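> Line by line, the protein sequences are chains V and F. Sequential numbering of the first sequence, starting at 0, is according to numbering that gives the first Met the number 0. Sequential numbering of the second sequence, starting at 0, is according to numbering that gives the first Met the number 0.
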Amino acid sequence: MTTAAKRIDAEHAPSRATPSRFDVEKVREDFPILKHTVRGKPLVYLDNAATSQKPRAVIDAITRYYEGTNANIHRGVHFLSEQATEEYEDVRRTAQEFLNAAHSHEIIFVRGATEGINLVAQSYGRAHVQSGDEILITDMEHHSNIVPWQMLCDERGAKLRVAPINDAGELMLEEFEKLLGPRTKLVAITHVSNALGTINPIRRIVELAHSHHAPVLVDGAQAVPHMKVDVRALDCDFYVFSGHKIYGPTGIGVLYGKSALLEAMPPYQGGGDMIASVTFEKTIYNRLPYKFEAGTPDIAGVIGLGAALKYVSGLGIENIGAYENEVLAYATQKVSAIPDIRLIGTAKEKAGVLSFVLDAIHPHDIGTILDQEGIAIRTGHHCSQPVMKRFGIAATARASFALYNTKAEVDALVRGIEKVREVFA
Amino acid sequence: MSDLRDLYQDVILEHSKAPRNYHELAAANHKAEGFNPLCGDRFTVYLQLEGDTIRDVSFQGSGCAISKASASMMTQSVKGKTMAEAEKLFGRFHDMVTGHAAGGSEPELGKLAVFSGVSEFPVRVKCATLAWHTLHAALEGKQEAISTE
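(1) Would you call the segment 380 to 394 of chain V and the segment 133 to 151 of chain V in contact, with 3 or more CB pairs under 8 Å?
(2) Determine the DSSP secondary structure at A70 of chain V, reduced to helix, strand or coil.
(3) Measuring CA to CA, which of V:L369, V:I416, V:A398 is closest to V37 of chain V?
(4) Using 9 Å as the limit for Cβ to Cβ distance, is A394 of chain V near chain F?
(5) Hey, is D59 of chain V close to the ligand ATP, as in C-beta under 8 Å from one of its heavy atoms?
(6) Helix, strand or coil: how does DSSP classify I53 of chain F here?
(7) Within its chain, find whatever has a CB closer than 6 Å to the CB of D234 of chain V; leave out the 5 residues flanking it on each side and keep chain order.
(8) Less than 9 Å between the beta carbons of T278 of chain V and T50 of chain V, yes or no?
(9) How would you call D153 of chain V, buried or exposed, if buried means at least 16 neighbouring beta carbons within 10 angstroms?
(10) Using three-state DSSP, classify L42 of chain V as helix, strand or coil.
(11) Count Cβ pairs between the segment 113 to 124 of chain V and the segment 245 to 263 of chain V that sit closer than 8 Å; are there 3 or more?
(12) Do T74 of chain F and S61 of chain F have their C-beta atoms closer together than 9 Å?
(13) Going by CA-CA distance only, name the one from V:S241, V:N71, V:N193 that's closest to F108 of chain V.
(14) On the DSSP letters alone, give me the boundaries of the beta strand (DSSP E) that R182 of chain V sits inside.
(15) If D186 of chain V and Q221 of chain V are in contact, beta carbons under 8 Å, what's the gap, nearest whole angstrom?
(16) Under 6 Å Cβ to Cβ from K16 of chain F, same chain only, skipping five residues before and after it: list those, please.
(17) Is there a Cβ from chain V that is less than 9 Å from the Cβ of K78 of chain F?
(18) Can you find a CB in chain F that lies within less than 9 Å of the CB of P433 of chain V?
(19) Excluding the 5 residues preceding and the 5 following Q82 of chain V in the sequence, name in chain order all residues of the same chain whose CB lies nearer than 6 Å to its CB.
(20) Quick check: the Cα distance between Q121 of chain V and P265 of chain V, rounded to an integer number of angstroms?
(21) Report the residues of the segment 112 to 134 of chain F with a CB closer than 9 Å to any CB of chain V, ordered along the chain.
(22) Do H22 of chain F and A68 of chain F come within 9 Å of each other at the CB atom, strictly closer than that value?
(23) S71 of chain F touches chain V at which residues, Cβ-Cβ below 9 Å?
(24) Leaving out five residues before and five after M158 of chain F in sequence, what residues of the same chain have Cβ atoms less than 7 Å from its Cβ?
(25) Taking 9 Å as the CB-CB limit, is T62 of chain V close to chain F?
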């Protein structure tokens, strides 16, 4: 904490020798919703791990599409269809660059991280997992990275193994390694924990898993808004994320998969677009990525996602991450100084999330009182009931940060928590 | 702040800190478990029924201030009542917290009227009614845990 505190002091100093590369006030102008008031108070939106707000660029891109380009893709010979197809496929290249994937056909558009995981579980999983095999996950997964594997294991008579976490909320790497073996058919792990904020050492995890010939799926829903993700440097086999958590629309997300794996996988859903030819005797599937994109996709969503990724890249993901780390360090320092507070998730490497409980005050009561102050946080189990069980609690209050949050908003949060303590004094 | 005080009235805060009848009931012949999967609140309601009458009632579990105070005050309100009277009271209470009360004072609700502020906080209705749903399940002799969802 000392380093963080020093950094904050340095920033408050009058010297302008090192101007910040990130102007949060200017960034806030890009998000129309941040001008709103809630219950008569300025909105303090700290529920970004649930979903982020949308910049004007994303809202405009979707409007522009519906006003000027709307047509179905990959089908028509007419002008609008061609243009819509081009814009749609442009976003595939944007996403490819964003993740540094080797090929644009390794980018599959899905509804979100959840659908990406289900696609891999149902397609890759059912083709490779047999009775007695194992799938290895961790104790800090979101339900979306637990249940699809449970369903697969139930169907196949396979076993779900769970690597433990320590009291700080960090993966116990040596225990993880012990759980890898010849029966491990796949490792599924979150990049950043939605309930704890822990950043997992994905590169190392992939190395360990690959030494046992197990491919790795990474749930990047909470990672992509905060840090540079390079799927080739990580060498992960699958990577999923949701558009709405990175300033894009809901209902759209990305599954990245290594070309060779995707090529060998059977389709997930059947329908239009995913076929090369159909007769009643035999259907020949389309090539990648279309094999996995049955039916008319969320074209406007994809275009909105493209605008979001460009927006983030324009600001520079490293600049965003550095700024957010400052805000998180400031929040950690301020909130942990409140009496009777216990932080849940104190990993050395964290991003975006501050989960906490107050002695004898239930998170729901905290959430209701903060809401009266215009402060939006999440309270509950965050779709991570095993994490709650691990820490012996039913729920936490969670403040989660985005690029538009400020230290002044952290101060408002702290004042709000003090009000909670007053009400319950 | 005035809205908040409507919800978190002193009586409610006091009951949440020192819930009444908060123990297992050795003589219970009916019990049920209630669960709110959205927030993880979980209560067990124990009943000692004698014929048609609730001779004794208690609860245990964990939850927010609203759900715990509601459970505590519910046990006080239904002790000694007949099953039909308890169910009727649940109906009145439900109408009040969901804002469907007929209007005017509800003499039958007595002290439970402190929960009227809940109707201004729709997401908290489930907190206030969890114990009552659980009581209802216990009266009906349901075996499986009931859920607010």
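Ideal Cβ positions, reconstructed from N, Cα and C, are used throughout, including at glycine. Keep in mind the model is a prediction, meaning the values are calculated, not measured.
In brief:
(1) yes
(2) coil
(3) V:L369
(4) yes
(5) This structure lacks the ligand ATP; in fact it carries no ligand of any kind.
(6) strand
(7) V205
(8) no
(9) exposed
(10) coil
(11) yes
(12) no
(13) V:S241
(14) Taken as a continuous stretch (DSSP letters only), R182 of chain V belongs to no beta strand (DSSP E), as it is neither H nor E.
(15) Looking at the sequence shown, residue 186 of chain V is not Asp but Val. About 18 Å; that fails the 8 Å criterion.
(16) none
(17) no
(18) Nothing about residue 433 of chain V can be reported from this structure: the residues present for chain V run from 0 to 424 only.
(19) T68
(20) 9 Å
(21) F120, V122, R123, C126
(22) no
(23) By Cβ distance, chain V contributes nothing, its closest Cβ being about 14 Å from S71 of chain F, past 9 Å.
(24) Residue coverage of chain F in this structure runs from 0 to 148, which leaves residue 158 of chain F outside it and unanswerable.
(25) no
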